[in-house]
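Asks: Structure in structure tokens, see below.
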Amino acid sequence: MINSAWKKEYAKKLTTTDSAVKAIKSGDTLYIHSNAAAPQILIDAMVKRAPQLQDVKILHILTLGKADYAKKEYADSFRVHALFIGPNVREAVNEGRADYVPIFLSEIPNLFTSGQVPIDVCLIQVSPPDAHGYCSYGVAVDCTIAARKQAKITIAEVNKQMPRTLGRSFVHISRLDHIIEVDHPLPELTPELPTAVEEAIGKSVATLVENEATIQLGIGAIPNAVLKYLTNKKDLGVHSEMLSDNIIDLIEQGIITNDAKTILPGKVAVSFVMGTKRLYDFVDNNPLIEFQTSDFINDPFIICQNRKMTAINSALQVDITGQVVSDSIGSYLYSGVGGQVDFIRGASRSKGGKAIIAMPSTAKNDSISRIVPSLASGCGVVTSRADVHYIVTEYGIAQLYGKTLKERMLALINIAHPKFRDSLIKECRSFQWLS
Ligand code: COA
């Protein structure tokens, strides 16, 4: 029999938006639900309270939608500690009004559960409760469960349009302190059509993906382009921190069956999805899609148990020895470490696994080579040269693992844009290890 006693509790906790955010106090540390699940109405109401608040520390990974709390005029009230830098906080981070925490996505939950970063208030956006009083974290499970569990107070935006996703994605209303009800669409991320360069990279990367591989696709344009070229594969599986729209076609065409997976066989394993309403509808109540937390999905020791784990991520710059920069352009902070290293390490250790970094050979209309003799001053290495395996550009594939620096240099110059190859050779001549 269904116990509906929770309904009374729910009604008691239901409040107005303005009153819900009164629970936030000066000096608090706040965690905001991530990606497309960032609770926009609560965020707006919190920002409205800026004149009454001081020194509120705000933590989150990537969030879609507005992040007005990062605006200059609210600097005395809020300070962002970005665990991944999205477009909405990039300016604040680079102007020194917000901070960046480089960290593996797999380890963020432990920041909270270990007590290293205590959370006072957690703002989440969830689906309406089911018959048993459980709300779903919807499109983003990732690090939010850990933050919510540690938080002294949880304020929830219960959105009629938040999909009810399955897996480890539920929170009972007894765990929520203040609830507001809303009905608004989630922010969408429409995949752009791949450019000719991205198409070429997609085709090359696809040649590395074997039948029965379990794939992970990182963030950015390239991983999306790759999906287009996987239509001749058989029995692929998915174990990935994120999913975008393009995955749906491969599932519907029977290319992704998840039959050959070793971890969560038969399921697409994921921690968040970001895309259009088509994707959000697809994951709604869909038992094929298993949402799990980042400390599970991104744990290299879990990832490596999948046979033929194939990780596909992107980069901004790679030096001639194979050091991979993905979170910064020189000293300009661009994104984050995310799950790149988690998946590179997991895929490297998997039986038949492949760790792939794919990027265009140039940036800014071919005016800059992404393959460089030495890394730009101020940038940060995300994937070390000992971790790197395959680098792919539109000019081909460089297999670097187990290779000497000299062999790496030749392999990378081979896939650099032809217009930069001579200057790369010239500049590399100054390296002592080459003489
Ligand atoms: N020098 C100067 N500018 C550069 C550059 C370089 N070496 N490399 C890229 N850029 C510019 C591009 O021209 C582009 O500028 P624009 O927006 O004005 O066109 C911008 O930087 C972004 O580059 P792009 O290659 O288009 O980025 P992307 O959206 O494909 O994402 C990463 C690529 C590396 C930023 C993305 O994969 C990422 O954030 N990775 C983080 C770590 C990770 O992989 N985690 C796993 C998934 S969370």
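Residue numbers for the sequence shown follow this note's numbering, so the first one is 18 and each next one is one higher. Think of the CB as a built atom: it goes at the ideal place given N, C-alpha and C, for glycine as much as any other residue.
Who are the Cβ neighbours of K294 in its own chain at under 8 Å, not counting the five residues just before and after it?
Replies: Answer for K294: P202, L203, E205, listed in chain order.
Asks: The alpha helix (DSSP H) with F360 in it runs from where to where?
Replies: Here the alpha helix (DSSP H) through F360 covers 357-366.
Asks: Check Q142 in the structure and name its three-state DSSP category.
Replies: Residue state, collapsed to three classes: strand.
Asks: Using CA atoms only, rank isn't needed, just tell me which of R362, I337, L193, L244 is closest to F432.
Replies: What sits at residue 432 in the sequence shown is Ile, not Phe. When only C-alpha atoms are compared, the closest one is I337.
Asks: Mapping DSSP to helix, strand and coil, what is Y349?
Replies: It is a strand residue.
Asks: Taking 7 Å as the line, does the beta carbon of L333 fall inside it for any heavy atom of the ligand COA?
Replies: L333: yes, Cβ under 7 Å from the ligand COA.
Asks: Would you kindly work out how many angstroms separate the C-alpha atoms of S144 and C152, rounded to a whole number?
Replies: Rounded to the nearest angstrom, the two C-alpha atoms are 5 Å apart.
Asks: Distance, Cα to Cα, E244 vs T212?
Replies: Checking the sequence shown, residue 244 turns out to be Leu, not Glu. So the two alpha carbons sit approximately 14 Å from each other.
Asks: In the DSSP assignment, the alpha helix (DSSP H) including I273 goes from what residue to what residue?
Replies: Per DSSP, I273 belongs to no alpha helix (DSSP H) and is neither H nor E.
Asks: Please go through the same chain and pick out, in chain order, the residues whose beta-carbon is closer than 6 Å to the beta-carbon of G395, but skip the five residues on each side of it.
Replies: Excluding positions up to five away in sequence, the list reads G347, S348.
Asks: Can R96 and K74 be called in contact, C-beta distance under 8 Å?
Replies: Contact: yes.
Asks: With hydrogens ignored, establish whether the beta-carbon of A238 is closer than 7 Å to any heavy atom of the ligand COA.
Replies: Answer for A238: yes, Cβ within range of the ligand COA.
Asks: Closest to L81 by C-alpha separation, out of F101, Q71, A92, would be which residue?
Replies: Ranking the options by Cα distance to L81, first place goes to F101.
Asks: Can you grab the Cα-Cα spacing for the pair L427 / P435, in whole Å?
Replies: Whole-angstrom Cα-Cα distance: 13 Å.
Asks: Note down the Cα distance separating I329 from L70, rounded to an integer number of angstroms.
Replies: I329 and L70: Cα-Cα distance of roughly 42 Å.
Asks: Do three or more CB pairs link the region 42-55 to the region 182-200 at distances below 8 Å?
Replies: Touching, no.
Asks: Report buried or exposed for H406, applying the criterion of at least 16 other Cβ atoms within 10 angstroms of its Cβ.
Replies: H406 comes out buried.
Asks: Please look up how many angstroms separate the CB atoms of R402 and G339, rounded, as I've assumed it's under 8 Å.
Replies: Right, their Cβ atoms sit about 4 Å apart.
Asks: Beta strand (DSSP E) containing R165: first to last residue?
Replies: Element bounds for R165: not the beta strand (DSSP E) but the alpha helix (DSSP H), 161-167.
Asks: Can you give the beta carbon distance from V38 to I172, rounded, assuming they're within the 8 Å contact cut?
Replies: About 7 Å; that satisfies the 8 Å criterion.
Asks: Taking the beta carbon of P126 as the centre, do at least 16 other beta carbons fall within 10 Å, making it buried, or is it exposed?
Replies: By the neighbour-count rule (16 or more Cβ atoms within 10 Å), P126 is buried.
Asks: Examine the Cβ distances between the region 172-191 and the region 209-226 and report whether three or more of them are shorter than 8 Å.
Replies: No, they do not touch.
Asks: Is there contact between the region 248-264 and the region 283-302, where contact requires at least three CB pairs shorter than 8 Å?
Replies: With a cut-off of 8 Å, the region 283-302 and the region 248-264 count as touching, because enough Cβ pairs lie within range.
Asks: What's the call for S365, buried or exposed, on a 16-neighbour Cβ count within 10 Å?
Replies: Buried: at least 16 other Cβ atoms inside 10 Å.
Asks: Report all residues from its chain with a CB closer than 6 Å to the CB of A87; omit the five preceding and five following residues, and keep chain order.
Replies: Within the same chain, A87 has close Cβ partners V97, V106, A109, A115.
Asks: Quick check: does the Cβ of Q340 come within less than 7 Å of any heavy atom belonging to the ligand GDP?
Replies: In the structure shown, the ligand GDP is absent; the only ligands present are the ligand COA.
Asks: Kindly provide the ranges of any beta strand (DSSP E) runs that are 3 or more residues long and lie completely inside the region 374-450, ordered along the chain.
Replies: You should have 407-410, 413-416.
Asks: When the Cα of I190 is compared with those of I373, L31, F437, T400, which residue comes out closest?
Replies: The shortest Cα separation from I190 among I373, L31, F437, T400 belongs to L31.
Asks: Quick one: using the 10 Å Cβ neighbour count with 16 as the cut-off for buried, is P56 buried or exposed?
Replies: Its Cβ being crowded by 16 or more others within 10 Å, P56 is buried.
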